[in-house]
Every structure is written in structure tokens, then in C-alpha cells.
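4 protein chains.
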Amino acid sequence: MKVTLHIHCPDRPGIIRAVTQFFHLRGGNILYLDQHVDQEAGVFFMRLECDFAQNDPGLSMLKESIAIELAEQYHMEWDLYQEGLRPRMAIFVSKYNHCLYDLLSRFRSGELEVDIPFIISNHEDLRHIADQFDIPYHCIPVNKVNKHEAETRQLELLQSHKVDFVVLARYMQIVSPLLIGAYPNRIINIHHSFLPAFAGAKPYHAAFERGVKIIGATSHYVTEDLDAGPIIEQDVTTVSHVHTVRDFVSKGRDLEKIVLATAVKLHIAHKTMVYNNKTVIFY
Amino acid sequence: MKVTLHIHCPDRPGIIRAVTQFFHLRGGNILYLDQHVDQEAGVFFMRLECDFAQNDPGLSMLKESIAIELAEQYHMEWDLYQEGLRPRMAIFVSKYNHCLYDLLSRFRSGELEVDIPFIISNHEDLRHIADQFDIPYHCIPVNKVNKHEAETRQLELLQSHKVDFVVLARYMQIVSPLLIGAYPNRIINIHHSFLPAFAGAKPYHAAFERGVKIIGATSHYVTEDLDAGPIIEQDVTTVSHVHTVRDFVSKGRDLEKIVLATAVKLHIAHKTMVYNNKTVIFY
Amino acid sequence: MKVTLHIHCPDRPGIIRAVTQFFHLRGGNILYLDQHVDQEAGVFFMRLECDFAQNDPGLSMLKESIAIELAEQYHMEWDLYQEGLRPRMAIFVSKYNHCLYDLLSRFRSGELEVDIPFIISNHEDLRHIADQFDIPYHCIPVNKVNKHEAETRQLELLQSHKVDFVVLARYMQIVSPLLIGAYPNRIINIHHSFLPAFAGAKPYHAAFERGVKIIGATSHYVTEDLDAGPIIEQDVTTVSHVHTVRDFVSKGRDLEKIVLATAVKLHIAHKTMVYNNKTVIFY
Amino acid sequence: MKVTLHIHCPDRPGIIRAVTQFFHLRGGNILYLDQHVDQEAGVFFMRLECDFAQNDPGLSMLKESIAIELAEQYHMEWDLYQEGLRPRMAIFVSKYNHCLYDLLSRFRSGELEVDIPFIISNHEDLRHIADQFDIPYHCIPVNKVNKHEAETRQLELLQSHKVDFVVLARYMQIVSPLLIGAYPNRIINIHHSFLPAFAGAKPYHAAFERGVKIIGATSHYVTEDLDAGPIIEQDVTTVSHVHTVRDFVSKGRDLEKIVLATAVKLHIAHKTMVYNNKTVIFY
Chain A
1 MKVTLHIHCP DRPGIIRAVT QFFHLRGGNI LYLDQHVDQE AGVFFMRLEC
51 DFAQNDPGLS MLKESIAIEL AEQYHMEWDL YQEGLRPRMA IFVSKYNHCL
101 YDLLSRFRSG ELEVDIPFII SNHEDLRHIA DQFDIPYHCI PVNKVNKHEA
151 ETRQLELLQS HKVDFVVLAR YMQIVSPLLI GAYPNRIINI HHSFLPAFAG
201 AKPYHAAFER GVKIIGATSH YVTEDLDAGP IIEQDVTTVS HVHTVRDFVS
251 KGRDLEKIVL ATAVKLHIAH KTMVYNNKTV IFY
Chain B
1 MKVTLHIHCP DRPGIIRAVT QFFHLRGGNI LYLDQHVDQE AGVFFMRLEC
51 DFAQNDPGLS MLKESIAIEL AEQYHMEWDL YQEGLRPRMA IFVSKYNHCL
101 YDLLSRFRSG ELEVDIPFII SNHEDLRHIA DQFDIPYHCI PVNKVNKHEA
151 ETRQLELLQS HKVDFVVLAR YMQIVSPLLI GAYPNRIINI HHSFLPAFAG
201 AKPYHAAFER GVKIIGATSH YVTEDLDAGP IIEQDVTTVS HVHTVRDFVS
251 KGRDLEKIVL ATAVKLHIAH KTMVYNNKTV IFY
Chain C
1 MKVTLHIHCP DRPGIIRAVT QFFHLRGGNI LYLDQHVDQE AGVFFMRLEC
51 DFAQNDPGLS MLKESIAIEL AEQYHMEWDL YQEGLRPRMA IFVSKYNHCL
101 YDLLSRFRSG ELEVDIPFII SNHEDLRHIA DQFDIPYHCI PVNKVNKHEA
151 ETRQLELLQS HKVDFVVLAR YMQIVSPLLI GAYPNRIINI HHSFLPAFAG
201 AKPYHAAFER GVKIIGATSH YVTEDLDAGP IIEQDVTTVS HVHTVRDFVS
251 KGRDLEKIVL ATAVKLHIAH KTMVYNNKTV IFY
Chain D
1 MKVTLHIHCP DRPGIIRAVT QFFHLRGGNI LYLDQHVDQE AGVFFMRLEC
51 DFAQNDPGLS MLKESIAIEL AEQYHMEWDL YQEGLRPRMA IFVSKYNHCL
101 YDLLSRFRSG ELEVDIPFII SNHEDLRHIA DQFDIPYHCI PVNKVNKHEA
151 ETRQLELLQS HKVDFVVLAR YMQIVSPLLI GAYPNRIINI HHSFLPAFAG
201 AKPYHAAFER GVKIIGATSH YVTEDLDAGP IIEQDVTTVS HVHTVRDFVS
251 KGRDLEKIVL ATAVKLHIAH KTMVYNNKTV IFY
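Chains as they are written, first to last, in full-length UniProt numbering: chain A, 1 to 283; chain B, 1 to 283; chain C, 1 to 283; chain D, 1 to 283.
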């Protein structure tokens with residue numbers, strides 16, 4: 001059994017030694033340890049991979065021991081993940097297809113080690129792509145009248161299929177607090193600007209209007225504040241006066257694909273931690 | 001005589017032919033021609049370099065001909081620059097020295113083909129660098145009481161030394177409308193963020209607070225709206241959770257130096273045109 | 001009728017005026033003109049887009065006039081393309097699927113304005129992707145014994161389907177002089193390194209071995225010298241000691257996709273010219 | 001007392017625990033721990049910062065304990081650095097001044113926490129810069145006849161001034177095995193290409209000739225194989241057909257400055273380890 005441990009807690013001497021000692025005593029071999037201290041906030045972060053090749057303690061037993069022997073004493077917030085299990089990922093889309101094509105191509109290539117139980121959309125437009133890649137597609141139209149009902153239906157689907165996290169692959173709707181509450185730091189969005197610049201609607205138009213020389217894309221966890229959640233990944237590309245808004249959109253598509261896929265891969269590999277509306281990204 | 005011509009005017013057929021014909025008839029050889037059409041605004045831009053090796057028409061004669069034979073018919077806004085003349089550049093600084101060191105090093109290396117009649121600062125701190133590079137240094141303190149007087153003194157210095165353009169090399173004061181009016185699109189500022197994100201004070205702190213994965217620097221012409229003038233050049237660099245605000249400042253210094261110097265060189269080479277609070281940057 | 005003209009010829013005064021005059025006299029409106037002089041080689045390059053809205057001279061008539069009235073006098077090499085025609089693009093693949101998925105997704109999204117009559121591969125592995133996107137797939141195994149026969153078969157397919165250009169989307173075979181001769185500067189390859197570093201086989205392994213901090217991808221026209229043809233586009237990404245060869249491969253895939261697609265789009269838009277084993281890329 | 005420990009040794013279970021236990025028992029607080037395993041080579045690397053606020057064991061005592069209690073058992077290669085001591089850095093230059101200006105400006109700004117006992121050059125050209133920044137300048141001409149004598153003189157200067165490491169800031173001479181042997185992995189060079197492309201003389205000319213779309217700079221430790229030592233840092237910038245060799249040189253200068261300064265700062269902070277002609281760069 002291989003496990004990955006995430007910890008954050010108030011910084012104080014001795015934590016690293018205590019944690020490594022803990023795993024050593026149970027016959028675990030530490031494959032990877034990365035630690036970070038937010039000096040300003042006084043918070044200690046750690047990500048640790050441990051292999052129990054011959055001495056599998058069992059996941060629940062291990063969790064219990066961590067709770068009792070480590071977490072309490074150091075006031076740790078923590079998570080323990082067993083490696084090798086494929087998380088279940090749902091994809092939400094509207095009408096733009098580039099991120100969907102990209103995610104499904106990576107999925108079919110074996111690049112994303114997940115299961116994809118279904119795609120949800122508020123439009124029928126991309127059903128043919130879901131069909132092409134043989135993934136169930138649920139069209140749930142959203143409008144002012146049926147909004148609550150639609151979101152309830154979304155949540156039911158997510159829960160009945162035991163979905164672990166959600167990817168908004170250019171889903172052009174604001175996600176409800178209902179879903180955000182059910183999936184805290186587990187809904188990944190792609191926004192087509194280098195946030196915090198150009199939050200909200202039509203960022204490429206706004207960027208063109210402002211005459212920037214660089215455009216970007218940002219992947220972040222969704223919170224109730226629009227486009228203001230913890231940033232996972234950003235990238236940019238240069239533009240100039242020769243580029244029209246249409247060119248921005250076209251160049252931006254490639255950014256969005258890469259930035260979103262990178263964020264999804266980091267999330268799957270348990271390399272992201274959230275604290276204080278920011279992320280710690282382990283490598 | 002070599003000249004560079006800048007034009008912008010309403011787009012319509014025949015402009016390129018008319019302009020090239022104009023120079024051809026006067027015995028000029030067009031060394032470079034770049035043109036751009038802002039489709040949305042319907043505006044045509046052109047930058048043209050022409051060599052009158054054997055048929056020097058004289059600068060003022062040429063200007064007169066352009067006004068009569070080209071500009072009127074096509075409703076052109078235009079400028080004509082004689083190449084080979086060294087423009088006069090003033091530098092404004094406060095307490096940060098990295099951009100000043102960088103500009104003066106480039107100047108002494110012959111990389112910037114300008115004259116630098118003086119440096120103005122609101123503090124004494126960097127006088128030693130001016131001395132080291134043998135450039136006059138005027139300390140003009142600015143505070144609430146003497147603000148108008150200080151700005152008048154600045155303007156006098158600029159005008160009496162026939163300064164052509166001003167570089168704010170991390171000058172931590174808001175420049176007065178008096179100066180902006182006297183030097184429209186001829187005051188170059190460096191702002192330490194990828195604008196429009198983090199305009200105003202303490203952008204590195206704000207970027208750190210937001211948890212961005214990319215920081216940037218922006219060079220722009222100064223207008224009366226703070227940090228909102230036409231952008232000349234931007235660049236970015238990646239950061240992560242391991243970087244403190246101090247690291248942002250340190251990484252940002254290198255960006256600021258390069259971005260500001262690039263903008264200054266573009267300005268010197270007459271490769272920038274301003275229209276509609278945006279720039280056209282010819283290569 | 002809109003046309004795009006490519007010219008290169010010995011540099012001398014008056015070319016721009018002559019060309020613009022030529023189109024003006026035929027009632028054409030020049031939409032775009034970009035020109036470049038290779039000072040060292042003394043060669044003039046031009047790309048010009050012209051719209052004959054009301055005075056369509058006919059493509060062959062126009063070509064004849066260019067030949068007689070411009071090309072001869074200025075010793076021009078030139079090409080004239082009528083816009084709005086979809087070129088026919090063949091794709092060659094082996095076993096890697098990421099570039100194929102990317103090209104076909106872009107094609108189906110309408111991002112690539114081409115027709116794709118077929119895909120050729122030396123293996124059966126990717127047939128399911130061709131099927132998924134509904135493109136004919138020809139498997140032509142290549143080995144030492146049948147090499148000439150296989151290449152002849154490839155060429156027959158290309159010619160019988162009137163293919164305009166070929167994209168090697170990670171085709172792991174050396175292309176024969178037969179094909180290169182039939183498609184000069186019309187076979188686009190993607191190589192997974194920043195050429196000229198790591199030409200030849202296994203560039204990611206070589207890059208890992210050398211301990212570089214940057215890896216890249218290069219798209220180029222295929223010539224008889226392996227990985228030495230005119231470079232169209234390059235891009236890079238950072239790596240560090242934490243990355244294994246497998247990580248290089250994974251990061252590189254994204255580079256390869258973007259770099260190849262960018263090169264293909266430049267080629268389709270007639271924005272590339274080749275001279276002296278180098279490219280001029282108009283924007 | 002704060003110390004930084006570098007370790008590399010054959011990978012096996014228990015190393016992290018043993019090391020953290022070692023420092024814990026001596027009352028040290030681990031401020032930072034980063035570890036890396038080269039899976040292919042089976043080598044474990046660690047960098048650890050430890051603070052002995054109240055229990056200063058003394059540097060030599062600590063070294064002795066490490067040797068006996070850790071290093072032997074785990075077959076470690078290791079180094080221990082006491083923080084807060086300013087290393088002594090010599091600079092070698094020839095005729096190019098940009099890297100020298102940049103390093104000295106950073107030095108005077110307090111950005112580089114070193115002492116600079118002197119600059120060595122084979123030419124008189126840059127003496128005025130040394131004077132300007134008030135650093136001793138030794139001109140030691142090198143030619144075929146006096147080569148051995150010159151190098152002996154260089155080494156004498158380095159040793160008599162207790163120089164810790166050497167920076168070749170565009171020193172256009174091949175450094176002798178004599179110096180390399182005396183300063184293994186302590187001579188930092190800047191090469192003006194993205195190595196391994198364009199090793200040797202005139203890389204910008206070679207890059208221009210090849211028609212690359214990206215140029216770069218590489219900082220590396222000097223070994224006896226020319227331009228083949230362990231790479232510390234690389235960066236690149238885009239170029240196009242509009243850029244002449246002169247433009248490459250000009251754009252490259254900025255790269256060289258940043259890349260060299262970054263490498264120097266990593267070296268000063270003990271964030272580089274060398275193994276197998278590659279570097280591990282801790283953040």
C-alpha cells in the first residue's frame with residue numbers, strides 16, 4: 001500500500017521528525033517528503049509519500065493512528081490518500097469544445113488516471129463529442145426559472161455516481177453554492193484571463209480593449225466569490241496590436257487547454273493543498 | 001538623410017500606393033514599410049523608413065510636402081523623424097536603484113542612443129549612482145505643501161534642457177497633469193505588475209495576497225489616469241507558494257529592468273504609436 | 001477574389017512602389033503588406049493581400065501579368081494564392097496519438113480550414129482515432145524490404161487525392177527523397193527538441209542525460225537532411241531535476257501539439273516563406 | 001548558528017528519519033528540508049537548513065558528529081555550510097561589459113551577499129568600470145606564449161585572497177585545468193546559447209545561420225569539457241526573421257545578465273548540488 005499524506009498545522013519545532021518517526025516505526029519507507037512554511041501566517045505544510053511494501057497497516061488503522069498520535073498534538077489539518085485508486089471526475093461544459101476535446105483525448109490516451117462517469121451540459125451542442133468518446137452526456141438546461149431544480153439534479157447525478165471532483169471545462173454558468181458546499185476545493189474552473197485581471201464575462205474583449213501585450217488563462221478552485229478562488233495554475237502568451245479579439249480567443253484556447261489539464265493532473269496526483277484561499281502546489 | 005514616417009488615418013483604399021509613390025517621386029528608397037489596420041476602429045497605421053541618399057529634400061521641405069500632398073487628402077495624423085539625432089532623455093527616480101543602474105549601464109555601453117542631461121529625484125538616496133556615472137542629479141523634494149512648486153521646477157528643468165522624453169525609473173510619485181500635458185505620450189513609466197492587475201500601490205503585496213502563480217511588469221505611457229496609460233511592453237515570470245513577498249520583489253526587479261529598457265529602446269527607435277489609449281508597436 | 005502574393009528577389013529600390021502600383025492599376029485594394037529585407041543576403045521579401053471586390057481579373061490572368069510586368073524585371077521568385085480555397089492536408093502518424101487527437105479536434109472544431117482526405121500510418125494502432133473522427137486510414141507498413149514500394153504507395157495516395165501538403169504528426173520514419181522531392185517545403189514535421197539541440201532519435205532521453213533546464217519542440221519543413229530543414233516554429237518549457245524522462249515526455253507532448261498546430265496554421269494561411277533553409281514568418 | 005546541509009548517497013529506507021533525528025537530538029530546529037531521489041541512478045539527495053538557536057554545537061563538532069553518526073553508515077557525500085558568512089567571489093571578464101555592470105550593480109545594491117576582492121581580465125578595456133565601482137582590477141594578458149604563467153598568476157591571486165568561487169562574466173578564454181582542478185564546481189560560466197545547441201564560439205552567428213526562432217543563455221559550472229559542465233540555469237527569448245545577428249546579440253545580453261545572476265545567487269545560497277555532471281537545484 002502506498003499513501004500520500006497532506007498536513008498543515010501551526011509551525012513549531014519537531015514536526016518533520018515526529019512525522020518521519022511515525023512512519024518509520026510502522027515499517028513505512030518515505031518515498032517523497034516536501035515541506036513548506038508560510039512564515040507570515042506561521043503555518044507548516046507537508047506532503048509525504050510512503051510505501052508500506054511488506055507491512056500494510058490498513059488505511060483506516062493508519063488514519064486512526066495519525067489522528068491519535070500526530071494530529072492532536074500538533075493541531076494538524078490532514079488528509080490521507082491511498083494511491084492507485086482512480087478518482088471519479090465529472091465534466092461540465094456549455095458550447096465551447098476545445099477543453100472537452102483535450103480532456104477526453106488525454107483520458108483516452110491514459111494520460112488522466114480517472115474514471116469519467118458522465119458529462120453535464122446546459123446545451124445539447126457537444127453531445128456528439130461525448131458520443132464520439134463514448135461517455136454518457138446529460139443535458140440539464142439552466143434558466144432563471146428552473147435554476148434550483150437544475151442544480152439539485154446536477155448534485156443528485158454527482159452523488160449517485162460517487163463523483164470525487166468536478167471540472168468546469170468552459171461551463172458558462174455560475175455554479176450554485178449548493179454544489180460548492182458539497183465539493184469544497186474539488187471543483188476546478190478554467191478562466192480565460194490571468195486573474196485577477198479581467199475577472200467576469202468577456203475577458204478577451206476586455207484585454208483587447210485595454211491593449212495588453214500578454215493574455216493568460218487561470219485554473220482555480222471554485223468558491224462563492226466569482227473568479228476569486230484559490231489559483232492552481234496560470235500561463236500566458238504574448239499578443240500585439242496585430243491580433244484581433246478573434247485572435248485572442250484562438251491563442252487563448254491553447255492556453256486554456258494546457259492550463260486546465262495541468263491543474264486537473266495536479267489535483268489527481270494530490271499535489272495541491274488549499275489554505276487561506278491560496279494553494280500550495282507540491283511538485 | 002534618413003527619415004521615419006508615422007501615419008494614422010481613416011482606412012481606405014490606395015493609401016499605401018499613395019505614400020510609396022510620394023517617396024518614390026522624390027528619389028527616396030523605402031528601407032522599411034510596416035502597416036496595420038485596426039479593423040474594428042477602421043484606422044490605418046503605417047511606419048515607413050526612407051533613405052534619401054543622393055536627393056536630400058531637407059526635413060522641413062519634406063514635412064511641408066507631406067502636409068500638402070498626403071496628409072490633407074487622407075486626413076492623416078502623422079510625424080516625421082530624422083534619424084541619427086540623439087533624443088534627450090531625463091530620468092526620474094526615488095529610492096529604488098535597480099532600474100537606474102540598468103539604464104545608466106546601458107547608456108554608458110552605447111546601447112541607448114540618447115543624451116541624458118540630468119536625473120531628477122525627490123530624495124538624495126541615489127545621488128551617488130548619478131555621480132558614479134557622471135550625470136547631473138537634481139534633488140527636488142515633493143510634499144503636500146510644495147507640490148506645485150516642485151512640479152514647476154521639474155518642468156523648467158525639462159524645458160530648459162530641451163528634454164525630449166522622460167523615463168520614470170521607479171519614481172514613486174504621481175506625475176502632475178502639468179508635466180503630462182507638456183509631454184503627452186513622452187513619459188514612460190514602469191509599473192511592477194501585469195496591468196491591469198494590481199494597479200496602484202504595493203502590487204507585489206497584492207499579488208502575494210491573491211496567490212497568483214505569475215507576476216509581471218508593465219511599461220506604459222503616463223496619462224492622467226493612474227497606471228492606465230497605453231501599454232508599451234509587458235513581461236512576466238512564474239512564482240509559487242515558496243516565494244515570499246521579498247522574493248516577488250527580487251524576481252520583479254529583473255522584470256522591471258528589462259521591460260523598462262525595452263520600452264525605452266522602442267520609443268527611441270520611433271517604433272511606438274499611440275491611438276485610442278493603446279499602442280501599435282512596430283518591430 | 002482575394003489573393004495573397006509572396007515575393008522574394010534581390011533587394012533594390014522601388015520594388016514596393018512597383019508592386020503596389022501594379023495592384024492599384026488593376027483596381028485591387030491592398031489589405032495587408034509586410035516586407036522584409038535580409039540585409040546580409042541582400043534579399044527582399046514581401047507578402048501582400050489584395051482584394052479585387054469589383055474588378056476580379058481572374059487568377060490566371062493575374063499570374064500572367066505578374067510574370068510579365070513584375071517578376072521578370074525584378075528577378076522575382078513568387079507565388080500567388082487565391083484565398084478561400086481549402087487546401088488538402090494528409091496526416092502521417094505512427095503510434096503516438098497526442099498530435100493526431102489535437103489536429104483532428106481542431107479540424108472538427110473548424111479551427112483548421114483544410115480538407116483531410118486520409119491519414120497514413122505504418123501501424124494499425126491509431127486506426128480507432130481515425131474511425132472516431134471519421135477520416136479514412138491507410139496502414140502502409142514500412143520495413144527494410146518493402147521501403148521503396150511503401151513510399152511509392154504513399155506517393156500514389158497523395159497524388160491521386162490531390163494532397164497539397166503533408167503533416168508528420170509524430171511519424172517515426174524517415175521520409176523518402178521521393179516524397180520530399182514531390183512536396184518541397186510542403187511536408188511539416190514536429191521534432192521533440194529545441195533544434196538544433198538533440199536532433200535524431202530519443203531527444204528527451206538525451207536532454208535528460210545532459211541535465212538541461214529547458215526542453216522544447218520544433219516544427220520544420222522536411223528536407224533530405226534529418227531534422228535540419230527550415231524551422232517554422234519553436235517553443236520550450238522549463239524542467240528541473242525532479243522531472244524524469246517520463247515527465248519530459250509528458251510535458252513535451254503539450255509543446256509538440258501546440259507547436260505543430262501553430263506551424264500548420266501558418267502554412268495554411270500562407271504566412272511562411274522559405275529561403276536559404278530558413279523561414280520568413282509573416283504575422 | 002544556522003547551518004545548511006547537503007547530502008547525496010545511495011537511496012535506501014530510513015535516511016530522512018535518521019537525519020531529522022540527528023538534528024532533533026542536538027536541539028536543532030529544522031527550518032527547511034527538501035529531498036530528491038534520482039530513481040534511475042538510485043541516488044538520494046537532501047538539502048536541510050537547521051537553526052541551533054539555543055544549543056550551538058559548534059561547526060567543527062557538528063561536522064565530526066555527522067561524519068561519525070550519519071555519513072559512514074549511509075555512505076554519504078556531504079557538505080555543511082554555516083549561514084551568514086559572506087563568500088568571496090572573483091569575477092573574470094574580457095571586453096563585454098553588460099554582465100559586469102549587472103553583477104556590480106547587484107553587489108552595490110546589496111542583492112549579492114558576497115565580498116568581491118578583485119576582477120581579473122585579459123584586457124584593460126573594463127578597468128574604468130571596476131574603478132567606477134571601486135573594485136581592484138588585475139589585467140593579466142593571456143596569449144600562447146605566457147598562458148601557463150598567466151594561469152599561475154590567476155591562481156595565486158585567487159588563493160592569496162581566499163576566493164571561494166569564480167564567476168566568468170563573459171571571459172572569452174578557455175579556463176585552464178589548473179584552475180578547474182582548484183575550484184571544482186566553483187567556477188560559474190555564462191554561455192550565450194541554450195546549450196547543448198551552439199556550444200563553442202560565436203553561438204549567435206550559428207543560431208542566426210540555422211534560422212532558430214528561440215535563442216537562449218546557459219549558466220553552468222566549468223569542467224574540462226568546453227561548454228559541457230553541469231547546467232545551473234537556462235532561459236530563452238523568441239526571435240524571428242526580422243532580427244539580425246546584432247539583434248540576437250542585443251536581446252541575448254539581457255538573457256545573459258539574468259541567467260548568470262540567477263546562477264550566482266543560487267550558488268551563494270547553497271541551493272545547487274552537482275552529481276553526474278548534472279545539478280540538483282533546490283528552491
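Glycine included, each C-beta is placed from N, C-alpha and C at the ideal position.
Applying the criterion that 16 or more other CB atoms from any shown protein chain within 10 Å of the CB defines a buried residue, is residue i buried or exposed?
{"i": "V145 of chain A", "result": "exposed"}
{"i": "H36 of chain D", "result": "buried"}
{"i": "Q159 of chain B", "result": "exposed"}
{"i": "S105 of chain C", "result": "buried"}
{"i": "D102 of chain B", "result": "buried"}
{"i": "E256 of chain D", "result": "buried"}
{"i": "A169 of chain A", "result": "buried"}
{"i": "K202 of chain A", "result": "exposed"}
{"i": "H128 of chain A", "result": "exposed"}
{"i": "P196 of chain D", "result": "buried"}
{"i": "G252 of chain D", "result": "buried"}
{"i": "R12 of chain D", "result": "exposed"}
Am I right that residue i and residue j are in contact with their C-beta atoms under 8 Å? What's the rounded C-beta distance?
{"i": "N277 of chain D", "j": "P230 of chain D", "result": "5 Å"}
{"i": "V19 of chain C", "j": "L70 of chain C", "result": "6 Å"}
{"i": "H243 of chain D", "j": "I232 of chain D", "result": "With a Cβ gap of about 27 Å, H243 of chain D and I232 of chain D do not count as contacting."}
{"i": "A130 of chain C", "j": "I140 of chain C", "result": "A130 of chain C to I140 of chain C, Cβ: 14 Å. No contact."}
First and last residue of the beta strand (DSSP E) that includes residue i?
{"i": "A228 of chain C", "result": "It is not in any beta strand (DSSP E) - A228 of chain C carries neither H nor E in the DSSP assignment."}
{"i": "V274 of chain C", "result": "T272 to Y275"}
{"i": "M61 of chain A", "result": "No beta strand (DSSP E) contains M61 of chain A, which is instead part of the alpha helix (DSSP H) from L59 to S65."}
{"i": "H148 of chain B", "result": "Here H148 of chain B belongs to no beta strand (DSSP E); instead the alpha helix (DSSP H) covers K147 to S160."}
{"i": "H138 of chain D", "result": "Y137 to C139"}
Which residues does DSSP list as the beta-bridge partners of residue i?
{"i": "G216 of chain A", "result": "A:V236"}
{"i": "F92 of chain D", "result": "D:I120 and D:L168"}
{"i": "R47 of chain B", "result": "B:H6 and B:D34"}
{"i": "E77 of chain D", "result": "D:H8"}
{"i": "Y101 of chain C", "result": "In the DSSP output, where bridge partners are listed per residue, Y101 of chain C has none listed."}
{"i": "I190 of chain B", "result": "B:S219"}
{"i": "N29 of chain A", "result": "A:D51"}
{"i": "Q21 of chain C", "result": "Per DSSP, none; premise fails for Q21 of chain C."}
{"i": "D56 of chain A", "result": "None; D56 of chain A has no bridge partner."}
{"i": "D115 of chain C", "result": "C:R88"}
Between which two residues does the alpha helix (DSSP H) carrying residue i extend?
{"i": "K278 of chain C", "result": "It is not in any alpha helix (DSSP H) - K278 of chain C instead sits in the beta strand (DSSP E) that spans K278 to I281."}
{"i": "Y204 of chain C", "result": "P203 to R210"}
{"i": "V259 of chain C", "result": "V245 to I268"}
{"i": "Q173 of chain C", "result": "Element bounds for Q173 of chain C: n/a, residue is neither H nor E."}
Please identify, using Cβ separations under 8 Å, the residues of the segment 29-43 of chain D that lie next to chain A, in order along the chain. N29, I30, L31, Y32, L33, D34, Q35 and V37
Residues of the segment 221-239 of chain B whose Cβ lies closer than 9 Å to any Cβ of chain A, in chain order: A228, P230, I231, I232, E233, Q234, D235, V236 and T238
Check each residue of the segment 87-104 of chain D: if its Cβ is closer than 7 Å to any Cβ of chain C, include it; give the result in chain order. none
Taking a cut of 7 Å between CB atoms, which residues from the segment 192-215 of chain A lie near chain B? F194, P196, A197, R210, G211, V212, K213 and I214
Scan the segment 1-24 of chain C for residues whose Cβ lies nearer than 7 Å to a Cβ of chain B and list them as they occur along the chain. P13, G14, I16, R17, T20, Q21 and H24
Taking any Cβ of chain B, which residues in the segment 132-148 of chain D have a Cβ under 8 Å from it, in chain order? Q132 and F133
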